[in-house]
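The opening position of the sequence shown corresponds to residue 1 in full-length UniProt numbering, with each subsequent residue numbered one higher. For every residue, glycine included, the Cβ atom is placed at its ideal position computed from N, Cα and C.
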Amino acid sequence: MSALLLAGAPAGAVTPADTLVEGFAIDDIISMDPGEAFELSTAEVTGNTYDLLVRLDLSDTSKVKGDLAESWTVSDDGLTYTFKLKPGLKFASGNPITAADVAYSFERAVKLDKSPAFIIDQFGISGDNVTEKAKAVDDTTFQFTVDKAYAPSFVLNCLSATVASVVDAKLVKEHVAAVTPSADYKWDNDFGNAWLKTGYAGSGVFKLREWRANEAVVMERNDNYFGEKAKLARVIYRNMKESSAQRLALEAGDIDVARNLEPNDLDAIAKNADLTTTSAPKGTVYYISLNQKNPNLAKPEVRQAFKYLVDYDALGSTILKGIGEIHQTFLPKGVLGELDENPFKFDVAKAKELLAKAGLADGFSVTMDVRTGQPTTGMAESIQQTLGQAGIKLEIIPGDGKQTLTKYRVRNHDIYIGQWGQDYFDPNSNAQTFASNPDNSDAGKTKTLAWRNAWDIPDLTKQTEAALLEKDAGKRATMYQDLEKKILDTSPFVVIHQQLEVAGLRKNLKGFALGPSFDSNFVGPVSKE
1 MSALLLAGAP AGAVTPADTL VEGFAIDDII SMDPGEAFEL STAEVTGNTY DLLVRLDLSD
61 TSKVKGDLAE SWTVSDDGLT YTFKLKPGLK FASGNPITAA DVAYSFERAV KLDKSPAFII
121 DQFGISGDNV TEKAKAVDDT TFQFTVDKAY APSFVLNCLS ATVASVVDAK LVKEHVAAVT
181 PSADYKWDND FGNAWLKTGY AGSGVFKLRE WRANEAVVME RNDNYFGEKA KLARVIYRNM
241 KESSAQRLAL EAGDIDVARN LEPNDLDAIA KNADLTTTSA PKGTVYYISL NQKNPNLAKP
301 EVRQAFKYLV DYDALGSTIL KGIGEIHQTF LPKGVLGELD ENPFKFDVAK AKELLAKAGL
361 ADGFSVTMDV RTGQPTTGMA ESIQQTLGQA GIKLEIIPGD GKQTLTKYRV RNHDIYIGQW
421 GQDYFDPNSN AQTFASNPDN SDAGKTKTLA WRNAWDIPDL TKQTEAALLE KDAGKRATMY
481 QDLEKKILDT SPFVVIHQQL EVAGLRKNLK GFALGPSFDS NFVGPVSKE
């Protein structure tokens, strides 16, 4: 196994028959704790190593299906969701899965109050009331009580997010660390967070064996899994950031799957008789965002000028060819309320006119934080060149995923370029983060993308909240389309494209498929001939 992780593995190597090896840029991983992890690469690992009450139904993504839950009901007033667990469930440790484990999982996620906690918090859940709002009625019955009569699909879709992963309470409690309560954190323990950053306490089809930052993730088959067991004994994700390196390793047989391929390498793989490709549209959009703490970027005319300083057509025909489709609204295609409008074109003269209105006819200097690797580096370099045509001098600050995300999450950037994937299959997932910011102060708890960019929008926040309570699908779709139009015109976000995820793979693989979200890229069904 160690040999498989070496970048210099000999040409012609063949991966073991019982092991899937994927080349994948996993440098964004910060933590393996499902109550904390909020990165796309981690979502894939979590989706394969932890179970949920309900999970997205891949046969019909407008629905969820039971995972650990055998059935559920909603009270007449629309506030209480009662879940019955399947019988005989076990964690990978061998400990039984009970409703108390589910309740503890919700409690720790809410009290830790890490980035994904808002998915649960938004239902009126807090550290003070979570033990009453998310509780075990008996060993096989779990109740979740929300504060408003939301559309049930919205609630259930949120419970399919990775933050709602069920952890082994007995195992986690053996690894809690004492904490001295403070004004910022009033609990006396860390709910096992320090341990779970690299540890594992799940029940998924695979169990996490090891994560070595910027190097590899190793998963092993969980023989206690309640459903169909994984066909392979282990899965290894090797951190490989360069497309060309992934292609060469795939051609040599050093890896079975290449996950971050650029157009030229995709073309080369298509000509190789031993290889093939697969793809799936993702609910992921790429965007640049302008921090409103920067006085130049806070000018409305500057925000709009940036939207005319991206050469969308050139990006679509080169860097994004085969891996993305130009898309300028925050809801990806296929989601309720998606607005298929791309009004902005590359127009330097228009941008210069807007900059002059802002009093910046001579341009200005600004920085952009960029995760090294493609397509973000190529996109950033293209934008650097087109901004320069309007007198804006852009300095690119490269970093790995952890570095750029950490800086972004505390609002210390000027401009950030990155991707945003849906947390659940509901329009609110993207609407809430792009069009809602309940508290714009640095101490704000709801750290949406609007908050990260210091965009204070009380009216749009109210509209986003109102859309959650509209049960008529047609009316709700119209509300989201209205939000998208306003975001197009006024926001500090320049949405560029929707991701088409592609992978190159050896032809001896069977059952490998990419899902509609990163946490649904399931590797349990994969086998080798």
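Within 10 angstroms of the Cβ of LEU171, are there 16 or more other Cβ atoms? Answer buried if so, exposed if not.
buried
Specify, as a first and last residue, the run of the beta strand (DSSP E) that GLN419 falls within.
415-421
Distance CB(ILE457)-CB(ALA435) smaller than 8 angstroms:
yes
For LYS65, the first and last residue of its enclosing alpha helix (DSSP H)
No alpha helix (DSSP H) holds LYS65; the beta strand (DSSP E) holding it covers 64-66.
In angstroms with no decimal places, state the Cα-to-Cα distance between ALA305 and ALA213.
39 angstroms
Mind checking whether ASN291 and ASN453 have CB atoms under 8 angstroms apart?
yes
Name, in chain order, the residues that DSSP records as bridge partners for ILE396.
MET368
Find the nearest neighbour of THR80 within the set PRO87, TRP72 and GLY322, judged by alpha-carbon distance.
TRP72
Does the segment 399-406 come within contact of the segment 53-73, defined as at least 3 CB pairs closer than 8 angstroms?
no
Tell me whether residue 532 is buried or exposed, calling it buried when 16 or more other Cβ atoms sit within 10 Å of its Cβ.
No statement about residue 532 is possible, as the shown extent of the chain runs from 1 to 529 and does not include it.
Under 8 angstroms between C-beta atoms of GLY324 and GLN499:
yes
Do the segment 101-112 and the segment 190-199 meet, that is, are 3 or more Cβ pairs less than 8 angstroms apart?
yes
So, under 8 angstroms CB-CB, ARG506 and ASP254 are touching, yes? Tell me the CB distance rounded to an integer number of Å.
With 8 angstroms as the limit, ARG506 and ASP254 do not qualify as a contact, their Cβ atoms being about 10 angstroms apart.
At what residues does the alpha helix (DSSP H) containing GLY204 begin and finish?
Note, GLY204: premise wrong, no alpha helix (DSSP H); not H, not E.
Could you give the first and the last residue of the continuous beta strand (DSSP E) run that contains PHE306?
Note, PHE306: premise wrong, no beta strand (DSSP E); alpha helix (DSSP H) at 300-307.
Assuming the contact rule is C-beta atoms closer than 8 angstroms, ASP414 and VAL366 should be a hit. Round their C-beta distance to whole Å, please.
5 angstroms
Give me the Cα-Cα distance between GLN143 and ALA103, rounded to the nearest whole angstrom.
8 angstroms
Can you tell me where the beta strand (DSSP E) holding VAL166 begins and where it ends?
Unbroken run through VAL166: none, as it is neither H nor E.
Report the three-state DSSP secondary structure of TYR225 (helix, strand or coil).
coil
Check whether the segment 197-215 and the segment 126-135 touch, using three or more Cβ-Cβ pairs below 8 angstroms as the test.
no
Roughly how many angstroms separate the alpha carbons of GLU529 and PHE512, rounded to a whole number?
12 angstroms
Just to confirm, is the Cβ distance from LEU320 to LEU331 under 8 angstroms?
no
Out of LYS229, LYS63 and SER317, state which residue places its alpha-carbon closest to the alpha-carbon of ALA151.
LYS63
Report yes if the C-beta distance between LEU309 and LEU387 is below 8 angstroms; otherwise report no.
yes
Assign GLU132 to one of three DSSP states: helix, strand, or coil.
helix
Classification of ALA356 by the beta-carbon crowding that lies within 10 angstroms, buried from 16 upward
exposed
Evaluate LYS393 with the Cβ neighbour count: other Cβ atoms within 10 Å of its Cβ, from every protein chain shown; 16 or more gives buried, anything less gives exposed.
exposed
Completely contained alpha helix (DSSP H) runs for the segment 234-269, where each covers 4 or more residues
243-252
Reduced DSSP secondary structure (H/G/I, E/B, other) of TRP72
strand
How big is the Cα-Cα spacing for SER182 and TRP195?
21 angstroms
Pick from LEU483, THR277, GLY127 and ALA161: whose alpha carbon is nearest that of ARG259?
THR277
If you draw a straight line from the C-alpha of ASP18 to the C-alpha of ILE396, how long is it?
43 angstroms
Can you give me the start and stop residues for the alpha helix (DSSP H) that LYS84 sits inside?
Not the alpha helix (DSSP H): LYS84 falls in the beta strand (DSSP E), residues 80-85.
Does the beta-carbon distance from GLN419 to THR284 come in below 8 angstroms?
yes
Can you give the Cα-Cα distance for LEU514 and VAL523, rounded to whole angstroms?
9 angstroms
Which of the three DSSP states is assigned to MET32 in this structure?
coil
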